[in-house]
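A.B. asks: Handing you this structure, nothing more for now.
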Amino acid sequence: MNQCRLRSLVRIRRSLALGLRGTDHHILARQALRTIQTTAQGCGFHDLDSFANGCSAAYIEGLYNKWKRNPKSVDESWNELFSGNDRTTAKRRPLPASHHRKYRRPPVERTAMKARSGARTASGGASAAPAAPPSDWKNIDDHHVIQAIIRAYQSRGHLAADLDPLGIVGPKKVTSVDGTQRHAAREVLRQHYSYIFNDLNAMFKLPSSTMIGGDQQFLTLKEILDRLERIYCGHIGVEYMQITSLTKTNWIRDRFEKPGGLDLTKEEKKLLLERLTRSTGFENFLAKKFSSEKRFGLEGCDIMIPCIKEVVDRATKQGVESILIGMAHRGRLNVLANICRKPIADILSQFHGLKATDSGSGDVKYHLGVFQERLNRQTNRMVRITVVANPSHLEHVNPVLLGKARAEMFQRGDTCGSKVMPIIIHGDASFSGQGVVYESMHLSDLPSYTTYGTIHIVSNNQVGFTTDPRFSRSSRYCTDVAKVVNAPILHVNADDPEACVQCARIVTDYRTRFRKDVVIDIVGYRRNGHNEADEPMFTQPLMYQRIRKLKPCLQLYADKLIKEGVVTDSEFKAMVSNYEKICEDAWTKSKAVKSIKYSSWIDSPWPGFFEGRDRLKLCPTGVSTDTLKTIGDMFSSPPPPEHKFEAHKGILRILAQRTQMVQDKVADWSLGEAFAFGSLLKEGIHVRLSGQDVERGTFSHRHHVLHHQAEDKVVYNSLDHLYPDQAPYSVCNSSLSECAVLGFEHGYSMASPHALVIWEGQFGDFCNTAQCIIDTFIASGETKWVRQSGVVMLLPHSMEGMGPEHSSGRMERFLQMSDDDPDVYPDTCDADFVARQLMSVNWIVTNLSTPANLFHCLRRQVNMGFRKPLINFSPKSLLRHPLARSPFKDFNECSSFQRLIPDKGPAGKKPEGVKKLVFCSGKVYYDLFKERDDHQQVETVALVRVEQLCPFPYDLISQQLELYPKAELLWAQEEHKNNGGWFYVQPRFDTALLKNEKESRCISYRGRPPSSSPATGNKVQHYSEYKALIKSVFGELTPENKKRLEEQIKKQQAKAKADAQSKPSTKPPSTPPKGGSSPPAPTGPQPRKPLISMPSRPPRGGKQRSGSAPAPDVVDEASAARNTEPDSLAHDGASPSAWKRSGSAPAPSLAPRASASRSPSKAQTYRNPLSPAHDGVAPSTRQKSSSKKRLGSAPAPTPSSHGSFRNAPSNPEFIKRRPAKDSGSRSKTQRNPEESELDPTKPEH
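End of the sequence shown = 1258 in the working numbering, gap-free, step of one.
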């Protein structure tokens, strides 16, 4: 029964109670009821998760369901009401077409009823409504009040619960008429508060919305109130009425409200006492032996250990095989000893200050993790328990744990969380105070991130370090953040062990039943200060005066059980002495330990991975051409016709261009990445790509997931269909979170070495919101915890005039955290030098410039005999740059990753004539490459690309220094001087130079000046900085250079004009772009075009900033003629010097782009690659497509020629047609890529 039907039924029932049968109000309600019944019967609708979960609605719901089964089982009036066949129907006049009187619910007081039953109102008018039919209306109203009281306890009873063992915060008891003190006051009962002072012996029928009666249907008011008090206002406060699922709320009511449902047997109480003895005994022993040592004990929340043990017992009984625990420092040692059963002697040895026998820095004992596989004695089943190591950043372990749990589920084939269960232990202040909690919570129901329910246990000390809850949060409870995912929250008094254990059982069963998150808030206290050396009386004097007077929970519970006769005093003392003996024996054993091993505390071992493996062997990363062609063909093909998949026309054009590239055996950035993914999938390596917008790619370059244009939730991923026995490929858009998602992927990479796990930032700039994960887990995790990870971070990075927050991935931060020594020149003569260098560093930092190098770099991540994080600063404009392409032979078996790419042009062939040796990294190389040609310095300036910054390629750098003995040494970067790689590479260049005794040179910096901002947001300033960079490397353009550039521009414009006149467009001209005329359509055979210029991702906030477009790219004359038409350059924001070639600004004055773009006399206009384009194509490119055929690829289908996509493969022009080639169209200065010595895509051997 849906919400609307419930509301109508309630309205009708109230109308009956007020004597409104036969009135217009009742006629309207009856008509609405018939409509609802007809609709519900026709749709067969059955809502299990109704939003209507009130008592009145549930009562009428029960009557209605009972009537449907047997109409005679309900009262005759209800039968007439539900069937719509009451006696007054035939006599009732038809309703008017419009009823203007709005129905309002009348009040229920007796005075109002009497007024309505009067003969006539004082003001005259229509006659009064008929008198109410004879019935016990007071009894009906009393039942309604009882329903409201029950609902009040269910919804707000936790507000009056006795949760604070210190009694500082608690309910004020109210004495009822029978002398009973009750917790529920006006805050809970509100307008029905006075009713509890009525006749407590009155008998009431219980509604179906409660289960407090068990098998009884009638209870007195006193018994109803007493039972509700015990359930909802005792030592457990249940928050569950915020859950919108009626199934879940009924399940929780069933567990809490049924009489006797929370009772423990005698044996269960004894087991609980024994576990509590061990928990308290461990803390007491440490306090006795190490009174001044920091250990962050659990005193005051000792019951947390028995609660976790109960969760473990219950979960293993239900089939869970692996339990992962994430927690902060408080109570960690106790968890290691009593939950994981780490030998106590090993824990105690950490207090002795022993020397470690293995490498690394280690960590404090209360941060360490552990991995244990043991037999659970209660269930007699094996269970693996993992406590994940955590820094002092408290809640930041949460997403790491969730990612590790999700990866284990993937490895075990656990698709519903039945074998793997995560538990996260929180502190009260951090749970409400740290934003990563909220970010992690929101991953709980995302398909690619869910762990099918996490059990959250809050160790609530009611104080955060020295801050009271009154000043540390705005919400009533520290757990209110969990309401965002509709998680039930059980608050429980830590001094009631039985209530705590029952809550542990319920949350475990809830997670097993519904696969959702659930929370236990154990409200206790902290017997000592923040640490054992801290004095809490400085800041919480009143609280700690009470704490010092309070008996420990163990003593309180033992006294209770002794009083009940469950145990004797001697039995309890024996429990205590037995555990003390265990600890003393462990203490004696720990003193015999002379050294420790960091590796014995690893939380993510990879059994079998390192055994028999040569860690120094670097396996080949190249693949066969057949493999490339298979992957390329599938990646560039639309979905098969049998899929009947309607793809976007812009996607079809992109696929057609990819097809052309595969036929030409050349790869751009997206194709090179696909080659890496596809080849690893073929070899059985699971690939997972995660981050914001990664399915399409921030810059619309990837398009791994295609979306059906006519149907929702219908997608196609070609990399899922490469081979029948391939590994799974997971590509998933994440929530708008860097911290939690990066932590999740890092945890995912910890679970297994046989996976390539990649997190891509929307922009590299945004990784700073995940700085805690980067600093404390990724950068230092192996050093602290001997825990390897192969996670890959792809950070889009380059200075393209897009502003301070869309330019820099903060390369300098990652390089600063690298742990290689800049003053030590390594032994480069070692045959295993490269592998040793990789193995000794904490991570790998690259700034790649070719698709082939990206391919080899990603494959090397998996083929190494160890795992290291990879930080790659991926490009933006290079994604479609006509020069940033690699031939297939750079991917084959004879190729490998190039840490440094030397100059193979004229400068490299005649090094003795080189005057400047310029080292650079990343996208700035293409700027320098083209500017060098403009300045005609191709023989005097050598450009060397450092692809791998960390670890520094000393051996290759030394070779370049020896090759150019007379050249001036420069380091050129586009970043500001205090950013980028300069401060990292400078001391390492000096170390390499000092290695040669005959060397007297030093390296100089060329780039932007220091700045606190990563980039400028002003286009003019960006252009000025770019000009200064180029001038510092190459000097000013000479008059001869300027004249040559002017002649080239004139030739390009003349050629474009001649082509446009020789083949006029057969279609009406499209509307010219704003600010300039439409470029002419070329005719005749044309050279192949580069990839279409695609729009970049706009900055966060939804709108593209004006002026944020990067400067257009530059191509030398030979490359321009070889790769693209002069009027169709793909301006992807590489450098402003392209204006000199594009015709948008007259050379050599280099006028600003704005004025050039407004000139209608120019044959070419500047296209902004960041401007919105509906089909993913730059506007000018889309205009050209209306007047000429697309060159360099198979023509894309149009609605007029091809119709829908599913018919496209049948058209030979879509798949098979190739553009005509005419070698005679080249100018004399044009050369093939094979002929060009300056072509950066030429393979190196």
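Ideal Cβ positions, reconstructed from N, Cα and C, are used throughout, including at glycine.
With contact counted as at least three CB pairs below 8 Å, one residue from each stretch, are the segment 571–582 and the segment 257–275 in contact?
C.D. replies: No, because fewer than three Cβ pairs between the segment 571–582 and the segment 257–275 fall closer than 8 Å, the two stretches do not touch.
A.B. asks: Can you tell me which of V727, A897, K929 and K151 puts its alpha carbon nearest to the alpha carbon of R1014?
C.D. replies: Against the sequence shown, residue 1014 aligns to sequence position 1001. Measuring from the Cα of R1014, the nearest candidate turns out to be K929.
A.B. asks: Just mark H365 as buried or exposed, buried being the case when its beta carbon has 16 or more other beta carbons within 10 Å.
C.D. replies: Within the sequence shown, numbered from 1, the residue matching residue 365 stands at position 352. So H365 counts as exposed.
A.B. asks: Looking only at its own chain, which residues have a Cβ that is under 7 Å from the Cβ of G430, when we skip the five neighbours before and after it?
C.D. replies: As a first step, residue 430 must be located in the sequence shown, where it is residue number 417. Excluding sequence neighbours, G430 sits near M422, T464, Y465, G466 and R528.
A.B. asks: Out of curiosity, what's the CA-to-CA distance linking Q391 and C907?
C.D. replies: Here residue 391 refers to the residue found at position 378 of the sequence shown. Here residue 907 refers to the residue found at position 894 of the sequence shown. Straight-line Cα distance between these residues: approximately 59 Å.
A.B. asks: Using a Cβ-Cβ cut-off of 7 Å (strictly less than) and excluding sequence neighbours within five positions of V9, which residues of its own chain qualify?
C.D. replies: There is no way to answer for residue 9, as the model of the chain reaches only from 14 to 1258.
A.B. asks: Is it a yes or a no for the segment 226–235 touching the segment 282–295, going by three-plus beta-carbon pairs under 8 Å?
C.D. replies: As far as the Cβ criterion goes, the segment 226–235 does not touch the segment 282–295, which means the pair count is below three.
A.B. asks: What's the C-alpha gap between D832 and V854?
C.D. replies: Mapped onto the sequence shown, residue 832 falls at position 819. Mapped onto the sequence shown, residue 854 falls at position 841. About 6 Å.
A.B. asks: Start and end of the beta strand (DSSP E) containing K218?
C.D. replies: By one-based count along the sequence shown, residue 218 stands at place 205. That run of the beta strand (DSSP E) goes M216 to K218.
A.B. asks: When the Cα atoms are used, what is the spatial distance from A768 to R701?
C.D. replies: Here the question's residue 768 lines up with position 755 in the sequence shown. Here the question's residue 701 lines up with position 688 in the sequence shown. Roughly 8 Å separates the two Cα atoms.
A.B. asks: Taking the alpha-carbon positions, what's the I468 to D149 distance?
C.D. replies: The residue given as residue 468 occupies position 455 in the sequence shown. The residue given as residue 149 occupies position 136 in the sequence shown. The alpha-carbon atoms of I468 and D149 are separated by roughly 49 Å.
A.B. asks: With 16 other CB atoms within 10 Å as the buried threshold, where does P737 fall?
C.D. replies: Indexing the sequence shown from 1 puts residue 737 at position 724. It is exposed - the Cβ of P737 has fewer than 16 other Cβ atoms within 10 Å.
A.B. asks: Pick helix, strand or coil for V959, following the three-state DSSP scheme.
C.D. replies: Taking the sequence shown and counting its residues from 1, one reaches residue 959 at position 946. Reduced to three states, the DSSP call for V959 is strand.
A.B. asks: Which same chain residues end up closer than 8 Å to G446 when comparing Cβ atoms and leaving out the 5 residues on each side of it in sequence?
C.D. replies: On the sequence shown, residue 446 is found 433 positions in, with the first residue counted as 1. Closer than 8 Å at the Cβ level, and outside the excluded window around G446, lie G477, S485 and R486.
A.B. asks: For a test of the three-state rule: what should DSSP assign to V1033, helix, strand or coil?
C.D. replies: Residue numbering aside, residue 1033 sits at position 1020 when the sequence shown is read from its first letter. Three-state DSSP puts V1033 in a helix.
A.B. asks: In terms of alpha-carbon separation, which member of F217, G645 and T634 lies closest to R671?
C.D. replies: In the sequence shown, counting from the first residue as 1, residue 671 sits at position 658. Checked all of F217, G645 and T634; the closest Cα to R671 is G645.
A.B. asks: How many angstroms separate the CA atom of A783 from the CA atom of K923?
C.D. replies: Along the sequence shown, one-based indexing puts residue 783 at 770. Along the sequence shown, one-based indexing puts residue 923 at 910. Cα-Cα distance, rounded: 47 Å.
A.B. asks: Hey, which unbroken runs of the alpha helix (DSSP H) at 4 residues or more fall wholly within the segment 390–430?
C.D. replies: 410–425, all fully within the segment 390–430.
A.B. asks: Within 10 angstroms of its Cβ, does S96 collect 16 or more other Cβ (buried), or is it exposed?
C.D. replies: The sequence position of residue 96 within the sequence shown is 83, counting from 1. Under this definition S96 is an exposed residue.
A.B. asks: Can you have a look at L749 and say buried or exposed, based on whether 16 or more other CB atoms are within 10 angstroms of its CB?
C.D. replies: For the purposes of this step, residue 749 is taken as the residue at position 736 of the sequence shown. Exposed.
A.B. asks: Below 8 Å, how does it come out for the segment 793–812 and the segment 961–976: are there three or more Cβ pairs, yes or no?
C.D. replies: No, the segment 793–812 does not touch the segment 961–976.
A.B. asks: Taking D627 as the reference, give the member of D845, R945 and N866 with the closest Cα.
C.D. replies: Here residue 627 refers to the residue found at position 614 when the sequence shown is read from its first residue. For D627, the nearest C-alpha among the options comes from D845.
A.B. asks: Kindly give me the distance between the Cβ atoms of V531 and A500, rounded to whole angstroms, as I take these residues to be in contact under 8 Å.
C.D. replies: Here the question's residue 531 lines up with position 518 in the sequence shown. Here the question's residue 500 lines up with position 487 in the sequence shown. Their Cβ separation, rounded to whole angstroms, is 6 Å, which keeps V531 and A500 in contact under 8 Å.
A.B. asks: CB G180 to CB V413, shorter than 8 Å?
C.D. replies: If you number the sequence shown from 1, residue 180 lands on position 167. If you number the sequence shown from 1, residue 413 lands on position 400. Taking 8 Å as the Cβ cut-off, G180 and V413 do not qualify as a contacting pair.
A.B. asks: Hey, Q986 and S1025 are a contact pair by Cβ (cut 8 Å); roughly how many whole angstroms apart?
C.D. replies: In the sequence shown, counting from the first residue as 1, residue 986 sits at position 973. In the sequence shown, counting from the first residue as 1, residue 1025 sits at position 1012. Not a contact, Cβ separation roughly 17 Å.
A.B. asks: With a Cβ-Cβ cutoff of 8 Å, do K186 and H196 count as a contact?
C.D. replies: As a first step, residue 186 is located in the sequence shown; it is residue number 173 there, counting from the start. As a first step, residue 196 is located in the sequence shown; it is residue number 183 there, counting from the start. Cβ distance < 8 Å, so K186 and H196 count as in contact.
A.B. asks: Give the straight-line distance between the Cα atoms of L732 and C516, rounded to the nearest whole angstrom.
C.D. replies: Against the sequence shown, residue 732 aligns to sequence position 719. Against the sequence shown, residue 516 aligns to sequence position 503. Those two C-alpha atoms are separated by around 46 Å.
A.B. asks: Check N541 in the structure and name its three-state DSSP category.
C.D. replies: Position 528 of the sequence shown, counted from the first residue, corresponds to residue 541. Coil at N541, not helix or strand.
A.B. asks: Within its chain, find whatever has a CB closer than 8 Å to the CB of A198; leave out the 5 residues flanking it on each side and keep chain order.
C.D. replies: On the sequence shown, residue 198 is found 185 positions in, with the first residue counted as 1. Once the five neighbours on either side are set aside, the close Cβ partners of A198 are A173, P184, K185, V187 and Y206.
A.B. asks: Using alpha carbons as the reference points, say which of L381, S608 and V494 lies closest to A369.
C.D. replies: Working through the sequence shown from its first residue, we reach residue 369 at position 356. Closest option to A369, Cα to Cα, is S608.
A.B. asks: Mind checking who S743 pairs with in its DSSP beta bridge?
C.D. replies: Translated into positions along the sequence shown, residue 743 becomes position 730. BP columns for S743 point to R701.
A.B. asks: At the level of alpha carbons, what is the spacing between F303 and Q999?
C.D. replies: For the purposes of this step, residue 303 is taken as the residue at position 290 of the sequence shown. For the purposes of this step, residue 999 is taken as the residue at position 986 of the sequence shown. The straight-line gap from Cα to Cα measures roughly 48 Å.
A.B. asks: By Cβ distance below 8 Å, which residues in the same chain neighbour T796 in space, the five residues on each side in sequence not counted?
C.D. replies: As a first step, residue 796 is located in the sequence shown; it is residue number 783 there, counting from the start. So the list reads G373, S374, D832 and N855, once near-sequence residues are dropped.
A.B. asks: Counting only runs that start and end within the segment 835–864, where is the alpha helix (DSSP H) found for 4 or more residues in a row?
C.D. replies: As far as the segment 835–864 is concerned, its whole alpha helix (DSSP H) runs of at least 4 residues are 846–853.
A.B. asks: Roughly how many angstroms separate the alpha carbons of D598 and T399, rounded to a whole number?
C.D. replies: Along the sequence shown, one-based indexing puts residue 598 at 585. Along the sequence shown, one-based indexing puts residue 399 at 386. Spanning the two alpha carbons is a distance of roughly 25 Å.
A.B. asks: In the DSSP assignment, the beta strand (DSSP E) including L503 goes from what residue to what residue?
C.D. replies: By one-based count along the sequence shown, residue 503 stands at place 490. Its beta strand (DSSP E) spans residues I502 to N506.
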